[in-house]
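Read the structure below first, then the notes.
In the numbering used here, the protein residues as written are 37 to 628.
Below, the structure written as structure tokens:
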């Protein structure tokens, strides 16, 4: 089966067919190119999707990804990123192995096709030229034969006519001979050209055209084979990444199998455990007993002597509330002149010297976080302290590595003075050593707090108090000095018991500044979930299960202002009480 023998007369159709084959090849290249663009776009979208759901660094969202389910999700995102990379590999391989290869092949194919059909057209032009020569010699031979026949007839006519001279007859005879000779020459020329044309025609149809068409056939078959190989490569490019894509999918499955619901539940406990004990049973309150009347406030001795102990709750006097309390005293109550003068005398200096306690009380009100995280529940406080200790240890290790590097550099300078002056590193080495010492002291301070929280120490040590800046060396008996700070086991601040007598005296004077102010209205009620020993200025002690009035809700600092009666109010940790706000109260929120 050969195009040269079967399609010897289909030169134009073969030219159209081969051009169509090149168009098909270019169409396939365009298809693969669009496929690579789709792969790149898909890979880009997958990468953007993976990046979009990655947790942001140094954010709260990053802390939430400690759970196994979230870690599995992160692994899935990473696997999808690798999955996107394989689609990029598909695009790259198709571009280099298919598009680039076929583009070069098409250029070669077009050049070869152009050369073959040029040879074919050249052969066609040659045979057409031979045909024209044959036709020309044939027409000339025909014309000469007719001229010779007419000359012979004219000679015969002249020879038969008796009136014609002998010279005229001779002339007609010679003209007839000339014409016959010309006819013979044309015959010979026509015969020669005919033989030559037949030979050229035979070569054209049996040699030249079959050879040219055979080359065109081979070219077309190579094109068909090439497009088939490209399709195989197309499939192989996909098949090559299937194992890696399978590993990505296996990684997702493995990440899903690594999810541990029990471990996540334990992490929730570690994240939110407060360390408090559940509330106990509520005691029965007997309202059948008659209410006892309080001692009259008209007596100076009762108000100064017996009244104060009645106001104490959990070992804390009413005078401890003076930085924040606003008392509402009855207009009918009259101060005795002696008491009034005594209070005026006591208000001259003590208020100036108690700014330290007032500042500490205000810090609780404004929500400033203590350095030892005493505002947090025990378990959360322990975690924060442990985290702080770990951070400090890392910083110490970093500084120690820097110190070792400087020491090694100094040794190099000592051995090779031309490289640098060893003395130039002494200042830097001293700075690093000083920084290490500071970090160690800071670590010891937080370790002491951590040991206290974990129960290894019964109370806070003197060294830790000195390091925290809360230790004061002033004499306790001095009236003008403020109370010394100390920390209770639950992490809240309190005062030394030896100073309470001073605060009792000072509180009387400070309370006078609020005598004419109206008390804040109650905006709801609250129920104490745990017992709280309010040993800090501005706080109030409560007993588990006790119901009190809410006069100021939590402003975001973790403290709620409550009132027991007209003379006892203060702040308690919001986590210690369950608040029920009155929806109709001014400024009350509606989430309770």
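Here a beta-carbon is modelled for each residue, glycine too, at the ideal position from N, C-alpha and C. Predicted, not measured: the structure shown is a model, and the values here were computed from it.
- Annotated three-state conformation of residue 412 is coil, per DSSP.
- Taking a contact to require three or more Cβ pairs closer than 8 angstroms, the stretch 189-199 and the stretch 207-219 qualify as touching.
- Residue state for residue 556 is assigned as coil, using DSSP reduced to three classes.
- By the C-beta criterion, the stretch 54-65 is judged not to be in contact with the stretch 96-110, since fewer than 3 inter-stretch pairs fall below 8 angstroms.
- Counting only residues of its own chain and dropping the five nearest sequence neighbours on each side, residue 78 has a CB closer than 8 angstroms to the CB of 120 and 123.
- Under DSSP, residue 607 takes part in a beta bridge, and its partners are 575 and 597.
- DSSP places residue 616 in the strand class (E or B) of the three-state scheme.
- Contact check for residue 599 and residue 617: beta-carbon distance about 14 angstroms, past the 8 angstroms limit, so the pair fails to qualify.
- At a Cβ-Cβ threshold of 8 angstroms, residue 263 and residue 64 count as neighbours.
- Per the Cβ contact rule, the stretch 425-436 is not in contact with the stretch 454-463 (fewer than 3 Cβ pairs under 8 angstroms).
- Taking the C-beta atoms as reference points, residue 472 is found no nearer than 8 angstroms to residue 418.
- By the C-beta criterion, the stretch 306-314 is judged to be in contact with the stretch 409-418, since at least 3 inter-stretch pairs fall below 8 angstroms.
- The continuous alpha helix (DSSP H) containing residue 42 extends over residues 39-42.
- Burial is judged here by how many other beta carbons sit within 10 angstroms of a residue's own beta carbon; residue 130 has at least 16 and is buried.
- In the DSSP annotation of this structure, the continuous segment of the beta strand (DSSP E) that includes residue 586 starts and ends at 583-588.
- Residue 177 sits in a helix when the DSSP states are folded into three classes.
- Bounds of the alpha helix (DSSP H) holding residue 116 are 104-130.
- Only exposed fits residue 167, as fewer than 16 other CB atoms lie within 10 angstroms of its CB.
- For the 8 angstroms CB-CB criterion, residue 54 and residue 175 do not form a contact.
- Straight across, the Cα-Cα distance linking residue 47 with residue 142 is about 21 angstroms.
- Residue burial annotation: residue 152 is buried, with at least 16 other C-beta atoms found within 10 angstroms of its C-beta.
- Secondary structure at residue 312: coil, using DSSP grouped into helix, strand and coil.
- DSSP, reduced to helix, strand and coil, places residue 471 within a helical segment of the structure shown.
- For the options 201, 595, 104 and 108, the alpha carbon positioned closest to that of residue 405 is the one of 595.
- When the Cα atoms are used, residue 612 and residue 597 turn out to be separated by approximately 12 angstroms.
- Contact check for residue 229 against residue 169 passes: the beta carbons are separated by less than 8 angstroms.
- In the DSSP assignment, residue 79 falls within the unbroken alpha helix (DSSP H) covering 47-88.
- Residue 89 counts as exposed, since fewer than 16 other beta carbons sit within 10 angstroms of its beta carbon.
- Between residue 180 and residue 248, the C-beta gap is not smaller than 8 angstroms, which leaves the two residues out of contact.
- Residue 241 is positioned such that its CB atom lies no closer than 8 angstroms to that of residue 173.
- Within the model, the alpha-carbon separation for residue 187 versus residue 196 is close to 14 angstroms.
- Where residue 296 is concerned, there is no enclosing alpha helix (DSSP H), because DSSP gives it neither an H nor an E.
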